[in-house]
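Which chain is which? The protein sequence lines are A and B, in order.
Take 215 as the starting number for the first sequence in the numbering used here and just add one per residue.
Take 215 as the starting number for the second sequence in the numbering used here and just add one per residue.
Using N, Cα and C, we set each Cβ at its ideal position, and we do this for glycine too.
Number of protein chains: 2
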Amino acid sequence: MISALVDHIRRYVPLDEQEAAVLEQFIEVREVKKKAFLLREGEVCKANYFMIKGFCRSYFMTEKDTEHTHLFAIENWWITDYSSLERKTPSMFNIQAQEPSTLGVLHRDKQDELFMAIPQLERYFRSVLEMALAAAHMRIKYIYSQSGHERYIHFSTSFPDFVQRIPQYMLASYLGFTPEFLSKIRAGKIS
Amino acid sequence: MISALVDHIRRYVPLDEQEAAVLEQFIEVREVKKKAFLLREGEVCKANYFMIKGFCRSYFMTEKDTEHTHLFAIENWWITDYSSLERKTPSMFNIQAQEPSTLGVLHRDKQDELFMAIPQLERYFRSVLEMALAAAHMRIKYIYSQSGHERYIHFSTSFPDFVQRIPQYMLASYLGFTPEFLSKIRAGKIS
DNA sequence: CGGTCTCTTGACGGAGTTCAAAGCTAGTGG
DNA sequence: CCACTAGCTTTGAACTCCGTCAAGAGACCG
Chain A
215 MISALVDHIR RYVPLDEQEA AVLEQFIEVR EVKKKAFLLR EGEVCKANYF
265 MIKGFCRSYF MTEKDTEHTH LFAIENWWIT DYSSLERKTP SMFNIQAQEP
315 STLGVLHRDK QDELFMAIPQ LERYFRSVLE MALAAAHMRI KYIYSQSGHE
365 RYIHFSTSFP DFVQRIPQYM LASYLGFTPE FLSKIRAGKI S
Chain B
215 MISALVDHIR RYVPLDEQEA AVLEQFIEVR EVKKKAFLLR EGEVCKANYF
265 MIKGFCRSYF MTEKDTEHTH LFAIENWWIT DYSSLERKTP SMFNIQAQEP
315 STLGVLHRDK QDELFMAIPQ LERYFRSVLE MALAAAHMRI KYIYSQSGHE
365 RYIHFSTSFP DFVQRIPQYM LASYLGFTPE FLSKIRAGKI S
């Protein structure tokens, strides 16, 4: 049931069969429909979500009522708002399923107990955080050093199949420009 | 000697006197001159640096030979390239002292041994990473939702004293625009 | 005190936005 | 299973924020 998660953990730290069984006690497997919210702006985030199937995105709204996609999470990624989760403060982000999805849910109020039971998960989540941080830093680097057109080319060649699954307005806001501009890029009207 | 670091750790996890003494064995205290490099592009990052005094920045170069400041680290922040540090891959970033600085250096090849000696440091660094990730996400949020002028106002009201310590061209590249534009903002020539 | 690094100022140019309107697609209910 | 509607995408014209270039004025360090 949570074998995708067990496999993922084993890429980073050892986890024997008995520990995997303990882990299963702590992870709720949840099926959600398309457009279901895992977190809404203003709420305190209650859990960390592991994508088993489908994909989610985190986004926020500006004053002008425009959405900005903050990050995508596909299979084998965790998604949450760590800031809200750990400090129990209201989140500024929405997390929403974009396809019918299957999630492994680690509730915040069970997390400490889980880490006591399986201490090497501290290290596993340290690795997960390091990857998320590296991804965020790469994101900033690309925003600063590439044009909109270049970011689109970079993203669509890096994730050719994923691009098919995302509405364009969502990708545009992720890459930092408008849907109109993305449409013109795709039509070849931009250099 | 490393009391600033011990105090910082104690904000997140318990650390008794004996453990603090053990920690001191693992942390090299290093004084560096202004403009000293802790990491250069193309090198593998060898350590994680805790700022005791002074400040550093991480930056990268684009093809057009322009610098982009990636992040600043002031007193009580850690700075490194986690991606290079953990995966032992060449870094894309430079880390440089911007003032004469005092650092606590945790070498990568001693890190695992330190975590074995003081296991709660795994949790401490998890917290440090969570804060770094939250900061990176806030950064992305501001880049996407505010104009250059707004980002400058936001930064300079959030860190009024720090702004005095940074050359303007460095702040400009951190905020994502040119030094010329920052100069015009400060002259009041931008709405 | 001389040279290099940093900041300022202005004219011009361009990448990307905004607005509006029309075409298209996909989900939903009958 | 079709029709209808809401949401998504395309297109074009006008506009704007900010970049580029260039030249000069400080400011700091050896």
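Extent of the continuous beta strand (DSSP E) to which F286 (chain B) belongs: E281 to A287
Other residues of its chain near I223 (chain A): CB distance less than 6 Å, five sequence neighbours each side excluded: L229 and Y338
Assigned secondary structure, I223 (chain A) (DSSP; H/G/I helix, E/B strand, else coil): Reduced to three states, the DSSP call for I223 (chain A) is helix.
Nearest neighbour of A234 (chain A), chosen from A:L335, A:G268 and A:P304 [CA to CA]: The closest CA to that of A234 (chain A), considering only A:L335, A:G268 and A:P304, is found on A:L335.
Contacts of E300 (chain A) in chain B (Cβ-Cβ under 7 Å): E344
Own chain, CB closer than 7 Å to R322 (chain B), minus 5 neighbours either side, in chain order: K260, A261 and L299
Alpha helix (DSSP H) runs contained entirely in the region 265–322 of chain A, provided each spans 4 or more residues: 296–301
Whole-number beta carbon distance between I357 (chain B) and C284 (chain A), since they are thought to touch under 8 Å: A quick correction: the sequence has His, not Cys, at residue 284 (chain A). Incorrect: roughly 11 Å between the Cβ atoms, too far for contact.
Three or more C-beta pairs below 8 Å linking the region 312–327 of chain B and the region 375–394 of chain A: no
Through-space distance from E238 (chain B) to I399 (chain A), alpha-carbon basis: 56 Å
CB contact flag (L317 (chain A), Y263 (chain A), <7 Å): With contacts defined as CB atoms closer than 7 Å, L317 (chain A) and Y263 (chain A) qualify as a contacting pair.
7 Å Cβ cut-off: residues of chain A touching T276 (chain B): S359
Partner residues on chain A for F240 (chain B), Cβ-Cβ distance less than 9 Å: Within 9 Å Cβ-Cβ: nothing; F240 (chain B) doesn't reach chain A, min ~17 Å.
Distance between K247 (chain A) and V220 (chain B) (C-alpha atoms, nearest Å): 47 Å
Short Cβ contact (7 Å threshold) for F307 (chain A) with D295 (chain A): yes
Reference C270 (chain A); option with closest CA among A:G256, A:E245 and A:A218: A:E245
Simplified DSSP assignment, three categories, for E245 (chain B): strand
Same chain, Cβ closer than 8 Å to L252 (chain B), five either side skipped, listed in chain order: V246, A261, Y263, C270, I293, I309, Q310, A311 and L317
L229 (chain B) in three-state terms, based on DSSP: coil
A350 (chain B) beta carbon less than 7 Å from that of A350 (chain A): yes
Interface partners of I436 (chain B) on chain A, CB under 8 Å: Outside the shown range of chain B, which is 215 to 405, sits residue 436 (chain B), and nothing can be said about it.
Closer than 7 Å at the beta carbon, the chain B residues around Y296 (chain A): E344, L347 and A348
Range covered by the alpha helix (DSSP H) that runs through F395 (chain B): If you look at F395 (chain B), you'll find it in the alpha helix (DSSP H) that goes P393 to R400.
Spatially closest choice to G268 (chain A) from A:I404, A:W291, A:Q382 and A:S370, by CA coordinates: When each option's Cα is compared against that of G268 (chain A), the closest is A:W291.
Rounded straight-line distance, which links the Cα of E344 (chain B) to that of I380 (chain B): 26 Å
V243 (chain A) versus A218 (chain A) - alpha carbon distance: Cα to Cα, the separation comes out at about 12 Å.
Backbone CA spacing between H363 (chain B) and S297 (chain A) [nearest angstrom]: 27 Å
Buried or exposed (CB count within 10 angstroms, at least 16 for buried), I332 (chain B): buried
Among A:S305, A:P304, A:Y388 and A:A250, nearest to E281 (chain A) - alpha-carbon criterion: A:Y388
Cα-Cα separation, F240 (chain A) to S359 (chain A): Each residue's alpha carbon lies about 42 Å from the other.
Counterpart residues of L237 (chain B) in DSSP-defined beta bridges: Answer is none; L237 (chain B) lacks a bridge partner.
Where the beta strand (DSSP E) containing F251 (chain A) begins and where it ends: F251 to L253
Contact under 7 Å by Cβ, M265 (chain A) with E289 (chain A): yes
Contact list for the region 254–279 of chain A against chain B, Cβ threshold 7 Å: For the region 254–279 of chain A, the residues whose beta carbon sits under 7 Å from a beta carbon of chain B are, in order, F274 and T276.
CA-to-CA distance, I216 (chain A) to V319 (chain A), given in whole angstroms: 10 Å
Contact set between the region 387–403 of chain A and chain B, restricted to residues whose Cβ is under 7 Å from the partner: Within the region 387–403 of chain A, the residues whose Cβ lies closer than 7 Å to some Cβ of chain B are G390, listed in chain order.
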